[in-house]
Amino acid sequence: MLALQRVFRTIHTTLDAPQITTFALHAPKYVEVKFADGTVFNLSAEFLRVYSPAADAKIRSIGGEKVISGRRHVGIMSAEPVGNYGVRILFDDLHRTGIYSWDYFYHLGSNKFTLLRNYVKTLKKHGLSRDPPKRK
22 MLALQRVFRT IHTTLDAPQI TTFALHAPKY VEVKFADGTV FNLSAEFLRV
72 YSPAADAKIR SIGGEKVISG RRHVGIMSAE PVGNYGVRIL FDDLHRTGIY
122 SWDYFYHLGS NKFTLLRNYV KTLKKHGLSR DPPKRK
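Position 63 of the sequence shown, counting from 1, maps to 84 under the numbering used here, and the rest follow consecutively.
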């Protein structure tokens, strides 16, 4: 039942996303996204990197769960428009294949705290960290 509620919430949020009015890159730390309904979201580079919509987001699969760790200090190098529906973000770990639609930004912003909490819980569950591995 909980999974069904999550799916419904995701679909509902995406379908009802208002039109974007402003996208501002504050490299390397975050992006600011404003929507026609007055909502404003500041989304950190780490958050956007972890929730990249790309299929090849350098994800580690642990017990069937997809986990990206060690991205606390990742930065955004640039963002380039993709048509009228979103942007491609280039991160300083050279990840650049995810296209973030305006609807996806709205979904991320609307669910930011829940998504971050779940991310940290998943890392802890698998003994991983937001910090990059120490160099030898």
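Cβ atoms here follow ideal geometry from the backbone N, Cα and C, with glycine treated the same way.
- In the assembly as shown, residue 125 is a buried residue. Its beta-carbon has 16 or more other beta-carbons within 10 Å.
- Between residue 97 and residue 46, the CB-CB gap stays under 8 Å.
- Cβ-Cβ distances below 6 Å link residue 67 to 92, 93 and 95 in the same chain, with the five nearest sequence neighbours on each side left out; the list follows chain order.
- The beta carbons of residue 88 and residue 149 sit closer together than 8 Å.
- Within the model, the alpha-carbon separation for residue 54 versus residue 44 is close to 5 Å.
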